[in-house]
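Each residue of the sequence shown is one higher than the one before, counting from -1 in the working numbering.
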Amino acid sequence: MPTQLKQIRQKLEQLPHQNYWNISPQVGEYLRNLVIKLNVKRLLEIGTSNGYSATWFAEGLQATGGKMWTVESHAERYAEATANIAAAGLSNIVTQIKGHAPEILVEYPEIAQIDFAFFDATKGEYSQYLQAVLPLLSPKGIIVADNVKSHWDSLSDFVDATQQLKGYTPKLNLELGTGLLTLIPTQQLSNIDA
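1. Let me know the secondary structure DSSP gives residue 155 once reduced to three states.
2. Using the Cα positions of residue 26 and residue 144, report the straight-line distance between them to the nearest angstrom.
3. Checking the sheet assignment: what are the DSSP bridge partners for residue 35?
4. Please go through the same chain and pick out, in chain order, the residues whose beta-carbon is closer than 6 Å to the beta-carbon of residue 54, but skip the five residues on each side of it.
5. Report back the beta-carbon spacing between residue 114 and residue 10 to the nearest angstrom; my notes put them in contact at under 8 Å.
6. To the nearest angstrom, how far is the alpha carbon of residue 13 from that of residue 163?
7. From the DSSP output, read off the bridge partner residues of residue 69.
8. Within 10 angstroms of the Cβ of residue 121, are there 16 or more other Cβ atoms? Answer buried if so, exposed if not.
9. Once you ignore the five residues that flank residue 100 on each side, which residues in its own chain have a CB closer than 6 Å to its CB?
10. Restricting to Cα atoms, I'd like to know which of 7, 179, 152 is closest to residue 161.
11. Would you say the segment 134 to 143 touches the segment 50 to 70, given that touching needs at least three Cβ pairs under 8 Å?
12. Where residue 98 and residue 80 are concerned, what is the direct C-alpha to C-alpha distance, given to the nearest angstrom?
13. Is the Cβ-Cβ distance between residue 202 and residue 165 less than 8 Å?
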């Protein structure tokens, strides 16, 4: 890992969790490794915060030759993420979008054939993200949603909605970080240990 990336991560890991709700380093490693394992080329993140999770995704995408788009509506966090992603040397992989998801997505037609989508923003809007992102997925595309354990009350309807989708299988991992739900195309189940 390049020194600049390591230094940025260490800096961000010291910030108060309640201010940014960043993923844990363990979740970051898991997601980076999943990006590599699935040979992800196109990734969409909804909820950049200060860019911590984007550093993990971008590190994985360096290995696969991929790129990502990350959406953040909060002006201060967007600016922090811009500085952090640049300082980590990852601006060539990460395209930042300032705006509110899901409606901002229609302004970016290049966001299509997504292999991996990550939801880590306003919990009550995950069902809206799901409806907007499903048509943007590639045939092998997966969705990973964070905070399903820590915010179960806000996300139970979203979890229920994922269980009703035809052609997809949701997998819950409540032991990793604040809980992850991975929505996998049913034909891809044998390729993914979620």
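For every residue, glycine included, the Cβ atom is placed at its ideal position computed from N, Cα and C.
Note that the structure is a prediction, hence the values are computed from the model and not measured.
On the basis of the coordinates in this document:
1. The sequence position of residue 155 within the sequence shown is 157, counting from 1. DSSP, reduced to helix, strand and coil, places residue 155 within a helical segment of the structure shown.
2. By 1-based counting over the sequence shown, the position of residue 26 is 28. By 1-based counting over the sequence shown, the position of residue 144 is 146. A straight-line Cα-Cα distance of about 11 Å links residue 26 and residue 144.
3. What you label residue 35 is simply residue 37 of the sequence shown in a count that begins at 1. Partner(s): none; residue 35 has no beta bridge.
4. Translated into the one-based positions of the sequence shown, residue 54 becomes position 56. Here the set comprises 26, 29, 30.
5. For the purposes of this step, residue 114 is taken as the residue at position 116 of the sequence shown. For the purposes of this step, residue 10 is taken as the residue at position 12 of the sequence shown. Incorrect: roughly 21 Å between the Cβ atoms, too far for contact.
6. Indexing the sequence shown from 1 puts residue 13 at position 15. Indexing the sequence shown from 1 puts residue 163 at position 165. Between residue 13 and residue 163, the C-alpha separation is close to 37 Å.
7. What you label residue 69 is simply residue 71 of the sequence shown in a count that begins at 1. Answer by DSSP bridge pairing, in chain order: 44, 95.
8. Taking the first residue of the sequence shown as 1, we reach residue 121 at position 123. Its Cβ being crowded by 16 or more others within 10 Å, residue 121 is buried.
9. Along the sequence shown, read from residue 1 onward, the residue named residue 100 stands at position 102. For residue 100, where only same-chain residues beyond five positions count, the Cβ hits under 6 Å are 126, 127, 130.
10. Indexing the sequence shown from 1 puts residue 161 at position 163. Ranking 7, 179, 152 by Cα distance to residue 161 puts 179 first.
11. no
12. In the sequence shown, the residue the question calls residue 98 occupies position 100. In the sequence shown, the residue the question calls residue 80 occupies position 82. Those two C-alpha atoms are separated by around 17 Å.
13. Nothing about residue 202 can be reported from this structure: the residues present for the chain run from -1 to 192 only.
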